[in-house]
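Participant: Here the sequence shown stands for residues 427 to 528, where the numbers follow the numbering used here.
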Amino acid sequence: QEEALLNITLDLPDAKYEVIVPQGSTVYDLMGKASKEYGFSFSGKNFPGMGFFVDEIKGVRQDSRKGLYWIYSINGKTAEVGVSNYILKPHDVISWKYEDEE
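1) Can the beta-carbon of Met457 be found less than 8 Å from the beta-carbon of Val507?
2) Could you tell me which residues DSSP puts in a beta bridge with Phe473?
3) Shortest alpha-carbon distance to Val453 belongs to which of Phe473, Ser499, Asp526, Asp489?
4) Which stretch, first to last residue, makes up the beta strand (DSSP E) that contains Leu456?
5) Rounded to the nearest angstrom, what separates Lys484 and Phe466 at their Cα positions?
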């Protein structure tokens, strides 16, 4: 049986990418595949119980002194969980903004 593929839109401040990922993928998997396919960096760290949180995309690091963080939203709604804890659904739009955590 063929694995179902999802077509996901990844919306970064400077570019929009279409990324195909297998069903069951997380936002972390999406970022990994997109960063390889489109040649950009991302990094972060894992917090027990909360999942993986991104603190750098394309060389832009979060800055806790200025209160600037990478925040992602799913179809326009700010995510409540780390990127490794959200399982993608068909046609999700994952948007990243670099902003203060208000």
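Every residue, glycine too, gets a C-beta built ideally from N, C-alpha and C.
All figures in this text were calculated on a predicted structure; none of them were measured in a lab.
Facilitator: Result, derived from the coordinates:
1) When the beta-carbon positions are compared, Met457 and Val507 stay at least 8 Å from each other.
2) Answer is Gly477, bridged to Phe473.
3) Ser499
4) Premise fails: Leu456 lies in the alpha helix (DSSP H), 453-464, not in any beta strand (DSSP E).
5) 5 Å
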